[in-house]
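Since the structure comes first, as structure tokens, the remarks are kept for the end.
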């Protein structure tokens, strides 16, 4: 620097040149992206010019007196604020610009005096030291003003409306499989903000009105070599503001040990909160912070990105650590959806992160994001596998009473109903994962209607999951001693499966062929049930000798009695069985009616001669009505309701 | 870097071994050789760390570069440890006594180490702040000629620096952090350069009530050298690696500002001197422990060599600025001395600028490595555990 300063020229009065030069300096000062070298030259030039106007010569004299007067003036302006309890920038723009002017003047005097060979002149040296002293006071004051402005005009934004919290219903996976019956409210997080370019989400972390003030302080501090002070103060305030915002979001700092020990319900809500906070912090807060840094420090080379990194690093790492802890935890199946939420959020934010931390120093943060994304992906796959293992290994010792829809089935189907929402992510993650043993079962032998959706990785895995479920249900059906009940159980459960698929987006992935096949399956079980239950009952009504017009009375009596006993036995047992779906229940009753009532009516019609006999205990209408009591889920007995 | 050489040659050896068909008899012998080699490398590495000459500032004990070397060695030892443990001939060994107890304990220790890594990473943010303040001091004292203004500038930054280091030391718990506020109390203050009554301390980005000392103490739970027949089996590398892990975490906590370090020097981990590999670790533990005890009395933000230098130089320069303000001027001799100290401080800052981020990245690498090994061990345990048929 010193090399640039030769002796001070003593041309006098060339005010035009001075004015022109000042103009140039001003014009250049307003442009951004000044290179450091150019800036330095201009500063030197500026101080040279100011020296020219004050007409100092190296021997002191009149010039020095001028300088002293100017310094006195500047000092008065600067020092008067030292006893004033008011902050300068709070006092009004005039005060602020006066102050900056005085600082500028002092700075010029310092630079000019330094340019002279001060050692030769005691007086000059004194003035220089005095000027530097005043200058330090001013710089120190500017730092205070900066902090004051940042704190006073710092704005917190309400995050509530930014991203509506995703309220996808939590499904609690537990042994009892409770509370999964209800249809989960289909609530996807509104992504109104994320779809826009990030520019839409930027808020003013510091009130826009004071940005020019901060900029002017930055300008004067950096040109005076007080850049480190500016950065230190700026980083301190902004870093703390971010930390405060972080706790304002309700995010706490948790150790990895704490996260690993956490109860699932608690962890699940923390995972939700993380997803939400991550979006707001990265897409809104950090994007805005970055803008603030650029606004204030743009044109100062890497200073802006340096400050941004220092401000944000700790909070980012803190957020990442929670993600790491979650990914490390046991891969329980219930974690899958929350993990996918986290994965999707992170994947969605990668582009923002890469932009925010594009500088070399920030590549460390970028890398951490990419690593966490990978880890969450692995964790999600592991949870997915665990889900399937949990389905196939869900064991029961006792048959499920009534043969209705098994809780496992409800749980699984309500759970996988959510999968289509994560279609893209699941496809990506499952691409290289083989469904495993169930592979052959799930390979669809679909004809030409095979759509893209039914052949995507997720579709394979979905079918693999349901086939796991089906084989488990088959195992569970074996626990019933009564063959008919086995069929009722399977009919109910497969019907439920099909209904769930048909009634949701799952149908697109399972395909019509699958639905047809499974429709046929539960219908087959319905037929098997009828055969298993009613063939023997109806056999009493069969005419063994179709040629003859009627049977003997004793045979009729015997048959009638046999039928009644068998029917009542069925009635007693099967009223306790359950078909939860009303339509399915109705259908089965009708088809049973058709078979039984028709046979009974025919039987009685053929033997009209004996029908007034007491041996006919049930009229056709009575039988028809009794059939309506079946599958109601509560056992009834004819002995209780009617006199035998 | 020698550390990566170790790793490369070691991994190379493993891959050769895996491709070899070893006779059943050779297996046990091979395992013994592996164990021996593992502890040999451990003792070599830590001997190198112990012999770090104090007079070469770059490599001094607990300097940034020393810590980086320590972490490098940790990563090497860890890689070898995993090799010894997982490339073993009988994978089911890890689920049999005594490993069925030792491995879960080791995993528990790993998780605790992860939290230490995070706390230390966070502590490095404070060190980064010291660096910023020290850079201001350097920048002020660089100006020629040094006048009252520059000396005041330096003093202001020095005051912040010393208080920041002091606050960080006075157990900057979360409670303290919440009290922070920006206030200058302008009214009635006559001091020329007010230092804000706010010191950026270790940010509260560590769980409340978390204590580094307690964490490390907890890592030493159940940490006992294998006895009798166990000593020749896989129990011994698990023990060795545990000791290394505890030591590395302990050293990091001693060096870098961390939440709650009371009683750090009281932590003992039983590493019997007769174990060859342990000697250097014991030596280092004693040496650092002594340092810590010395500093514990008067308080320190950490034993990081660069920080201690900063503190020392800061004190000298503080005296200088004080005398400057008292006398209004200084002798040339004093100015020269101050310039020399300032140059030293500049050098320390430079080393921090060069080393802090890489150190932070390396701690992160250690973090990821521990996570990875933990996952692999859990998977291995899971696979072995799968042999029992599921219920139904």
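Protein chains in written order, with the working numbering: chain A, 1 to 644; chain B, 645 to 1036.
Just so it is clear, CB atoms sit at the ideal spot from N, CA and C, and this is done for glycine as well.
Contact residues within the region 739–757 of chain B, judged by C-beta distance below 7 Å to chain A: Within the region 739–757 of chain B, the residues whose Cβ lies closer than 7 Å to some Cβ of chain A are 755 and 756, listed in chain order.
With respect to the alpha helix (DSSP H) encompassing residue 751/B, which residues constitute its N-terminal and C-terminal limits? Taking the second chain and counting its residues from 1, one reaches residue 751/B at position 107. Judged by DSSP secondary structure, residue 751/B falls within the alpha helix (DSSP H) whose first and last residues are 743–786.
Quick one: is residue 590/A buried, meaning 16 or more other Cβ sit within 10 Å of its Cβ, or exposed? By 1-based counting over the first chain, the position of residue 590/A is 590. Per the 10 Å Cβ criterion, exposed.
For residue 253/A, which of 230/A, 265/A and 277/A has the nearest alpha-carbon? In the first chain, residue 253/A corresponds to position 253, counting from 1. That would be 277/A, whose Cα lies nearest to the Cα of residue 253/A.
Report the rounded CA-to-CA distance for residue 287/A versus residue 135/A, giving the unit in angstroms. Your numbering for residue 287/A matches position 287 in the first chain. Your numbering for residue 135/A matches position 135 in the first chain. Near 35 Å, if we compare the C-alpha coordinates of residue 135/A and residue 287/A.
Per DSSP, residue 154/A forms a beta bridge with which residues? As a position in the first chain, residue 154/A is number 154, starting the count at 1. DSSP lists 206/A as partners of residue 154/A.
What would DSSP say about residue 224/A, mapped onto helix, strand or coil? Counting from one through the first chain, the residue named residue 224/A turns up at place 224. DSSP places residue 224/A in coil when its eight states are reduced to three.
Hey, could you find the ends of the alpha helix (DSSP H) residue 254/A is sitting in? Translated into the one-based positions of the first chain, residue 254/A becomes position 254. Note, residue 254/A: premise wrong, no alpha helix (DSSP H); not H, not E.
Report the partner residues of residue 632/A according to the DSSP bridge assignment. To locate residue 632/A, count along the first chain from 1; it is residue 632. Beta-bridge pairing links residue 632/A to 578/A.
Just tell me which of 386/A, 325/A, 397/A and 232/A has its CA closest to the CA of residue 271/A. Start at 1 with the first residue of the first chain, and residue 271/A comes out as number 271. When each option's Cα is compared against that of residue 271/A, the closest is 325/A.
Helix, strand or coil for residue 618/A per DSSP? Locating residue 618/A in the first chain gives position 618, where the first residue counts as 1. Residue state for residue 618/A is assigned as coil, using DSSP reduced to three classes.
Let me check you understand the geometry: is the CB of residue 636/A closer than 7 Å to at least one non-hydrogen atom of the ligand SAH? What this structure holds is no ligand at all, so the ligand SAH is not there to describe.
Please say whether residue 1003/B and residue 708/B have beta carbons closer to each other than 8 Å? To locate residue 708/B, count along the second chain from 1; it is residue 64. To locate residue 1003/B, count along the second chain from 1; it is residue 359. Yes. Within cutoff.
Does DSSP classify residue 388/A as helix, strand or coil? Locating residue 388/A in the first chain gives position 388, where the first residue counts as 1. Three-state DSSP puts residue 388/A in a helix.
Extent of the continuous alpha helix (DSSP H) to which residue 425/A belongs: As a first step, residue 425/A must be located in the first chain, where it is residue number 425. If you look at residue 425/A, you'll find it in the alpha helix (DSSP H) that goes 423–430.
Please report the residue range of the alpha helix (DSSP H) in which residue 878/B lies. Sequence index remark: in the second chain, residue 878/B carries index 234 (1-based). Premise fails: residue 878/B is in no alpha helix (DSSP H) and is neither H nor E.
Per DSSP, what kind of secondary structure is residue 398/A in: helix, strand or coil? Sequence index remark: in the first chain, residue 398/A carries index 398 (1-based). In the structure shown, residue 398/A sits in coil (DSSP, three-state: anything other than H, G, I, E or B).
Which same chain residues, not among the five before or five after residue 882/B, have their C-beta less than 6 Å away from its C-beta? The residue you call residue 882/B lines up with position 238 of the second chain. Answer for residue 882/B: 746 and 750, listed in chain order.
Residues of chain B with CB under 8 Å from residue 241/A, in chain order? Taking the first chain and counting its residues from 1, one reaches residue 241/A at position 241. Simply none; closest approach about 10 Å.
For residue 854/B, would you say it is in contact with chain A, using Cβ-to-Cβ distances shorter than 8 Å as the test? As a first step, residue 854/B must be located in the second chain, where it is residue number 210. Taking a beta-carbon distance threshold of 8 Å, residue 854/B counts as an interface residue toward chain A.
Same chain, Cβ closer than 7 Å to residue 543/A, five either side skipped, listed in chain order: Position 543 of the first chain, counted from the start, is the residue given in the question as residue 543/A. The beta carbon of residue 543/A sits closer than 7 Å to those of 606, all from its chain and outside the five residues before and after it, given in chain order.
Any C-beta of chain A under 8 Å from that of residue 711/B: As a working mapping, residue 711/B is identified with position 67 in the second chain. No Cβ of chain A is located within less than 8 Å of the beta carbon of residue 711/B.
Alpha carbons only, please: which of 807/B, 783/B and 982/B is nearest the one belonging to residue 966/B? As a position in the second chain, residue 966/B is number 322, starting the count at 1. Ranking 807/B, 783/B and 982/B by Cα distance to residue 966/B puts 982/B first.
Looking at the structure shown, is residue 417/A part of a helix, part of a strand, or coil, going by DSSP? The residue given as residue 417/A occupies position 417 in the first chain. Correct three-state label for residue 417/A: coil.
Which chain C residues are close to residue 343/A, counting only those with a beta carbon under 7 Å from its beta carbon? Absence of chain C from the displayed structure is noted, the protein chains being A and B.
For residue 323/A, three-class secondary structure by DSSP: Residue numbering aside, residue 323/A sits at position 323 when the first chain is read from its first letter. Residue 323/A: helix per DSSP, three-state reduction.
Cutoff 8 Å: residue 1001/B Cβ touching any chain A Cβ: In the second chain, the residue the question calls residue 1001/B occupies position 357. Yes, residue 1001/B counts as interfacial toward chain A.
Residue 650/A to residue 393/A, Cα distance in whole Å? Residue 650/A is absent from the model: chain A starts at 1 and stops at 644.
Checking contacts by CB at 8 Å: is residue 938/B closer than that to chain A? What you label residue 938/B is simply residue 294 of the second chain in a count that begins at 1. No, residue 938/B does not count as interfacial toward chain A.
Can you tell me whether residue 356/A is helix, strand or coil according to DSSP? Translated into the one-based positions of the first chain, residue 356/A becomes position 356. The answer is helix: DSSP assigns residue 356/A an H, G or I state.
In whole angstroms, give me the CA-to-CA distance for residue 298/A and residue 773/B. For this step, residue 298/A is matched to residue 298 along the first chain. For this step, residue 773/B is matched to residue 129 along the second chain. Rounded to whole angstroms, residue 298/A and residue 773/B show a C-alpha spacing of 22 Å.
Residue 977/B, enclosing alpha helix (DSSP H) - first and last residue: Taking the second chain and counting its residues from 1, one reaches residue 977/B at position 333. Residues 976–1029.
So is residue 174/A in contact with chain B if we call contact Cβ pairs under 8 Å? The residue labelled residue 174/A in the question sits at position 174 within the first chain. Legend: pLDDT at residue 174/A = 39, less than 50; position of this residue unreliable, value from coordinates given subsequently. The beta-carbon of residue 174/A is placed no less than 8 Å from the nearest beta-carbon of chain B.
Partner residues on chain A for residue 765/B, Cβ-Cβ distance less than 8 Å: Here residue 765/B is taken as the residue at index 121 of the second chain, counted from 1. 317, listed in chain order.
Amino acids of chain A, ordered along the chain, whose beta-carbon sits closer than 7 Å to that of residue 858/B: The count along the second chain starts at 1 and reaches residue 858/B at position 214. Within chain A, no residue comes near residue 858/B; the closest Cβ sits about 11 Å away, beyond 7 Å.
Can you name, in chain order, every residue of its own chain whose Cβ lies under 7 Å from the Cβ of residue 917/B, other than the five neighbours on each side? In the second chain, counting from the first residue as 1, residue 917/B sits at position 273. Only 923 and 926 meet the Cβ criterion.
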